[in-house]
Each structure stands twice: as C-alpha cells, then as structure tokens.
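Note that the sequence shown covers residues 480 to 757 in my numbering. Everything below concerns the one structure shown next.
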Amino acid sequence: MDDVFANEAPPLRLRRLRDAVQELVSQRRAMPEVREGVGERAEPAESAEEIPAVDGGTGRQVNREFGGSVHGREFGNIAEAKMTIGTRSVLYGAHCAVLHPWFLAVAWSKLYGFPWDVRLWASFCLHDIGYISKPNMDGCEGETHVELGARIMGLLFGESWAAFTAAHSRYWAKHNGRQFSRLCVADKLAFVLTPAWLYLPMTRATGELSEYMLRAKERQAGSEHFTDYESARLNSADPREWLEGLKSYTRRWIEEHRNGGADNWTVAACAESTAAFR
Ligand SMILES: [Fe+2]
Ligand SMILES: [Fe+2]
C-alpha cells in the first residue's frame, strides 16, 4: 500500500497522532455524564432516570433489577451509568478490546492466510476503538466509529491504511461510496466465530443486545437478501435463535463478498456519516 505520509517528518506525524488522542480524550470529556436514552434504542434500563441517585446520607438504595440493597455496588453502577454503550462495548462487549482482535486474527487467517504484516494487527486492535464515547452502536453516531481508528492508522502507516481501516464497516463504506475492505469481511467472520455463550452474555451486559436485535430486524424487513429461515430466526424474541439467523446471513454475505466486488446486499442506513479517508 502507498504511504502518502512517507515524506512527512516524524515529529509532525507524532504531533498529529497526539492531536488524535487528545481529540478522543476531549470527546470523551465532552459527553454528557449519561447519554443512554439519548441515542437511538439505547437500553432503557440503563437510562439516567433508572439509575438510582446516590444517597450520600444512608448509602442505601434498592437495585430495581435485583431487588436488593446495592450498598456495595453503588459505585460500580454509577460508574457504569457514566459510560456510554459504545465505551462498554469496547471494554466488555461485542468489541471487547482484549478479545475481538483475536477473533479477527483467526478470521483473517481462515480467509486470507496468517496476518504476518504487523500493520494488520494494528488494524485489528484499533479499528473499533472509535466506539469509545458513542451513545449508540448502529445509529448515526455509532456508524462513525470507524474514523478514530482510521485516523490513527493513517498517522502511523499512511493514508491507504486509514482507508483500509475505515472501510471495515460495510455501512460506512456503502454510505460513503467506498469499497468495503478485507478487514470488513474478516470482521464479519470474527462475529460468526464468536461463540454464542460468549457473545450473548457480553452484549446483554453492555446493553448492546437489544439494540442489535432491533436493528437486525429492521434491516431484515427492508431487504430481500435474507432467506425465510433467517427472517424467521431474526424475528424471534429468543436471542439464541436471533443470533443463529444473523450468523447464517453473515456467513452467506462473507461467501459472496470475500473476494471483494460490489455489495448489493447492504443498504446505507445513516444520513449523517462523513466521507473522510477517501
Ligand atoms: Fe467496527
Ligand atoms: Fe470489529
């Protein structure tokens, strides 16, 4: 891949990398303390209204979910309430920073051979980092999660690696008139490879699961690329059945697109995505 920053002085690159990191930090600080409920289809149970306020006097509260005293859990609950769903996803959800890159590496190996290039490993680790601070996963804000990782990859390895990383989202790629990258295909296979016993508890814990289930149903309703089996499964209220349907569809999407080509299955969903990293 060409490196358009090849002639750029290292100090300048470092300064731009530092600016990108500072932007992430300031973005995180700028977020209202609780954004769930603002984002589309965020978990209602985790909205600000449903998080018990701290009673500084007694320290006693009732946890509505478990019905017991949460004296020892107050701090954790409040800390969780201050994290957006995107941050939780990167910490312990579908995009968990210590698990997802490994599934992606296995997926890449299966599709394209072992990823010997260290820049691929960097993209595995950075591509979803932009979910941090996002108030939703698949809404307009969530769709732009590709941009932070792409910016960092660009500063480290050049513009083409930025484009490669940004195009890991087929929705972002579609919306911006870009070709999805191999990272996108591997990312889809990483999802398929993640076992249900791991995926479901994690996405339930972060609040992602309900958003994903709803969004997948909506997308299925507007597309003719789902089989009857997949449609039936996606409309199930049982998360395990829903996941089977989505994995079946995703497996077929991978087979159809693993070698590139036009993606006629995906419909751009958000009107506010940006067209950086061209
Ligand atoms: Fe992503
Ligand atoms: Fe990913």
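Note that beta-carbon positions come from the ideal geometry of N, C-alpha and C, so glycine has one too. Predicted model only: the values in this text are computed from it and were never measured.
Roughly how many angstroms lie between the CA atoms of residue i and residue j, to the nearest whole one?
i	j	result
residue 708	residue 675	18 Å
residue 637	residue 579	24 Å
residue 655	residue 647	12 Å
residue 678	residue 634	32 Å
residue 610	residue 495	20 Å
residue 573	residue 628	17 Å
residue 689	residue 683	8 Å
residue 631	residue 723	34 Å
residue 598	residue 607	15 Å
residue 743	residue 570	33 Å
residue 696	residue 596	37 Å
residue 645	residue 667	14 Å
residue 590	residue 662	10 Å
residue 420	residue 713	The displayed coordinates of the chain run from 480 to 757. Any statement about residue 420 would go beyond what the structure contains.
residue 623	residue 711	30 Å
residue 726	residue 733	10 Å
residue 564	residue 670	18 Å
residue 585	residue 617	25 Å
residue 760	residue 562	With the chain represented from 480 up to 757, any question about residue 760 goes unanswered, as that position is not in the structure.
residue 526	residue 730	Low confidence applies here, because residue 526 scores a pLDDT of 34, under 50, leaving its location unreliable; read the following figure in that light. Spanning the two alpha carbons is a distance of roughly 34 Å.
residue 620	residue 626	11 Å
Given a threshold of 16 other Cβ atoms within 10 Å of its Cβ, counted over all protein chains shown, does residue i qualify as buried or as exposed?
i	result
residue 680	exposed
residue 567	buried
residue 587	buried
residue 543	In this prediction, residue 543 scores a pLDDT of 36, lower than 50, which makes its location untrustworthy; no coordinate-derived value is stated.
residue 582	buried
residue 740	exposed
residue 650	buried
residue 664	buried
residue 577	exposed
residue 497	exposed
residue 717	exposed
residue 693	exposed
residue 738	exposed
residue 593	exposed
residue 698	buried
Considering just the uninterrupted stretch of the alpha helix (DSSP H) at residue i, what are its terminal residues?
i	result
residue 698	687-700
residue 566	564-571
residue 589	579-591
residue 602	597-605
residue 650	649-654
residue 575	No alpha helix (DSSP H) holds residue 575; DSSP gives it neither H nor E.
residue 661	661-672
If you reduce the DSSP assignment to three classes, tell me which class residue i lands in.
i	result
residue 746	coil
residue 636	helix
residue 716	coil
residue 681	helix
residue 723	helix
residue 617	coil
residue 519	Low local confidence applies: a pLDDT of 32 at residue 519 is under 50, so the model's placement there is unreliable, with the coordinate-based value given in what follows. Coil.
residue 731	helix
residue 741	coil
residue 736	helix
residue 710	helix
residue 623	coil
residue 629	helix
residue 611	coil
residue 705	coil
residue 646	coil
residue 461	Shown here, the chain extends from 480 to 757; a query on residue 461 therefore has no answer.
With respect to 7 Å, is the separation between the Cβ of residue i and the closest non-hydrogen atom of ligand 3 below this value?
i	result
residue 654	This structure lacks ligand 3; the ligands present are ligand 1 and ligand 2.
key: Residues proximal to ligand 2 by C-beta, any heavy atom closer than 7 Å   = 574, 579, 583, 606, 607, 647, 666, 669
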